[in-house]
């Protein structure tokens, strides 16, 4: 079995979240609905628990588009501070001007 990188795992998780989000939301709505009988809500809880864990939105990690680095991530630019500085020095990031680092 070949090892997969963290970047590939994260991409797979994003796909799983996209496919499972509607099903998870429906089950969560059923679980939270107090007007339903407790048996139906418990069955919905079991179904939610049987879904893949990677289908949860919280399992997705923000990673740099360039390096795959998970830390010091700028959401607006979708890159890490290191990649931002590197590309900013060369003037390849629109709107970023090197003043002094």
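In our numbering, the protein residues as written are 323 to 423.
For glycine and all other residues, C-beta sits at the position ideal for the given N, C-alpha and C.
Owing to the predicted nature of the structure, the values given are computational and were not obtained by experimental measurement.
Leaving out five residues on either side along the sequence, give the residues of the same chain with a beta carbon under 8 Å from the beta carbon of residue 338.
374, 376 and 377
Limits of the alpha helix (DSSP H) - the one that residue 404 falls within: 403 to 411
_To the nearest angstrom, how far is the alpha carbon of residue 404 from that of residue 380?_
25 Å
query = Looking at residue 368 and residue 353, is the spacing between their C-beta atoms short of 8 Å?
reply = no
- Query: In chain order, what residues of the same chain have a beta carbon less than 8 Å from the beta carbon of residue 391, not counting five sequence neighbours either side?
  - Reply: 385, 402, 404 and 405
**Study point:** Inter-residue spacing [alpha-carbon to alpha-carbon] between residue 349 and residue 363
**Key:** 9 Å
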